[in-house]
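Data first, discussion second: the structure below is written as structure tokens.
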Amino acid sequence: MTENNLTTVTEFILMGFTDNHMLEIPLFLMFLIFYIITLLGNVGMIILIQVDIQLHTPMYFFLSHLSQLDICNSSVFTPRLLTSFLTVDQSISFMGCMVQMALMILHGTGECLLLAIMAYDRFVAICHPLLYHTIMSKRLCTQLAVGTYAVGVFISALQTGNVFLLPYCGPNIIDHFFCDIPPVIQLACSDTAAANVLLLFFSALVTVPTVSAILVSYAYILATICRMRSLEAQRKAFSTCASRLTALSLFYGSVFFVYVQPNPESASAYNKTLSVFYTIVIPMLNPLVYSLRNKDVKAAVHIRVLNLSRKGIC
């Protein structure tokens with residue numbers, strides 16, 4: 002190693018989810034089931050939204066993009082995690098670590114923005130139903146979707162550059178099951194105070210405005226629900242809001258605790274468990290929370306199942 006070339010690390014070693022060998026097979030089976038459910042649920046939603054013309058609305062347009070992000074996001078982490086339970090080699094190349102982190106930030110940022118857009122969509126639909134199709138026009142929906150991916154790429158480039166422009170000269174052991182930002186920054190061979198400040202700033206820049214938009218939207222939605230005369234309609238609306246807010250709380254709660262804090266390194270012991278929520282569990286739950294409980298989706302599934310049954314009988 003020379004003084005002019007401190008970045009001598011060519012690969013990192015991921016410690017994995019657990020060092021208890023007795024738990025490896027049960028955890029492998031659990032995460033494999035999670036991954037299969039995630040793929041089936043999200044792919045099924047994308048196909049259903051594409052083939053059923055009744056679902057060609059702004060809400061399902063954004064839901065299809067959310068499903069795409071969830072498939073990609075889960076696929077960045079879960080296959081690697083499953084492999085770690087079965088193999089001894091836990092190494093990942095320097096470039097592979099960089100790509101994994103960039104994709105994680107891209108999908109995470111996109112999901113935050115999409116959740117805020119979807120909350121605004123529901124706010125317009127429930128609080129201003131007569132203006133819904135005027136406000137949520139096809140052009141606006143397309144612009145919002147394109148803007149989501151553009152902002153995701155921009156934030157991903159800034160955050161990944163913030164981490165990997167630091168010098169890494171050893172050690173190279175990451176106490177995590179993927180290349181997350183806080184544990185990688187800890188391995189840098191220079192002062193990381195500025196990098197941690199930038200991590201906090203960019204994380205807050207994405208999460209604080211989006212969670213604020215979600216809370217304001219649902220506050221108006223809940224106020225509108227309370228003015229409904231039908232108790233049955235109120236019950237169904239509250240049930241839907243409660244399930245969505247629970248999923249949002251799990252997602253944003255874990256993200257805030259890992260990234261939006263003055264010293265992310267202080268919570269490293271809990272980051273593995275918290276990361277499971279926004280990388281694996283939430284992508285699995287989203288189809289159920291946002292789609293499969295919806296009467297339009299249930300009707301579409303029922304029609305498709307009946308059609309397939311009739312074709313099979315014929």
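Per our numbering, residue 2 is the first one in the sequence shown, and the count goes up by one each step. A virtual CB, placed ideally from N, CA and C, is assigned to each residue, including glycine.
Measure the Cβ-Cβ separation of residue i and residue j and say whether it is below 8 Å.
i    : j    : result
V154 : L200 : no
F165 : F78  : no
T9   : C170 : yes
N272 : P183 : yes
A238 : I226 : yes
L56  : L49  : yes
Report back the beta-carbon spacing between residue i and residue j to the nearest angstrom; my notes put them in contact at under 8 Å.
i    : j    : result
F95  : E25  : Contact doesn't hold; Cβ gap of about 26 Å is too wide.
I281 : F29  : With 8 Å as the limit, I281 and F29 do not qualify as a contact, their Cβ atoms being about 13 Å apart.
S244 : V290 : 5 Å
T110 : V207 : 5 Å
L104 : L70  : Actually they are not in contact, since the Cβ atoms of L104 and L70 sit about 11 Å apart, beyond 8 Å.
F203 : L145 : Not confirmed; about 21 Å, so no contact.
Could you tell me the distance, in whole angstroms, from the CA atom of residue i to the CA atom of residue j?
i    : j    : result
G45  : P172 : 43 Å
L15  : T274 : 15 Å
F62  : Q101 : 27 Å
A189 : T161 : 14 Å
S65  : T19  : 34 Å
E4   : F13  : Its pLDDT being 44, under 50, E4 is placed unreliably by the model, and the measurement read from it follows with that caveat. The straight-line gap from Cα to Cα measures roughly 21 Å.
N6   : I186 : In this predicted model, N6 has a pLDDT of only 47, less than 50, meaning its place in the structure is not dependable; the value taken from the coordinates is given anyway. Cα to Cα, N6 sits roughly 18 Å from I186.
M60  : C242 : 15 Å
M119 : H129 : 15 Å
V256 : S276 : 8 Å
L216 : L131 : 23 Å
Y219 : N43  : 24 Å
G17  : I156 : 26 Å
A151 : T88  : 37 Å
L251 : H134 : 31 Å
L141 : S191 : 45 Å
D122 : L82  : 35 Å
For residue i, tell me which candidate among the options has the shortest Cα-Cα distance.
i    : options                : result
N74  : Y279, P288, Y291       : Y279
T58  : M137, Y291, S204       : M137
A205 : C98, V259, S92, M99    : V259
V211 : D122, A117, I226       : At residue 211 the sequence reads Thr, which differs from the Val that was named. For the residues D122, A117, I226, the minimum Cα distance to T211 belongs to A117.
Q51  : F35, S68, L40, I37     : S68
L249 : M99, E112, I47         : E112
F124 : Y221, I38, L251, R140  : Y221
L286 : P27, P80, I37          : I37
C98  : A126, H134, G148, H177 : H177
A224 : L141, I127, D90        : I127
N163 : D53, A194, L82, L246   : A194
P288 : F35, A146, I175, L141  : F35
V198 : V261, Y133, L82, D90   : V261
V323 : D90, Y253, Y133, N21   : With the chain running from 2 to 315 in the structure shown, residue 323 is simply not present.
D91  : I174, C142, I47        : Residue 91 is actually Gln in this sequence, not Asp. Ranking I174, C142, I47 by Cα distance to Q91 puts I174 first.
Under three-state DSSP, which class holds residue i?
i    : result
C315 : Residue placement at C315 cannot be trusted, given a pLDDT of 49 that sits under 50; the coordinates are not used to answer.
L107 : helix
S138 : coil
D20  : coil
S231 : coil
F32  : helix
S191 : coil
F63  : helix
F179 : coil
L15  : strand
Cβ-heavy atom distance between residue i and the ligand GDP below 7 Å?
i    : result
V207 : The ligand content of the structure shown is nil, which means the ligand GDP is not present either.
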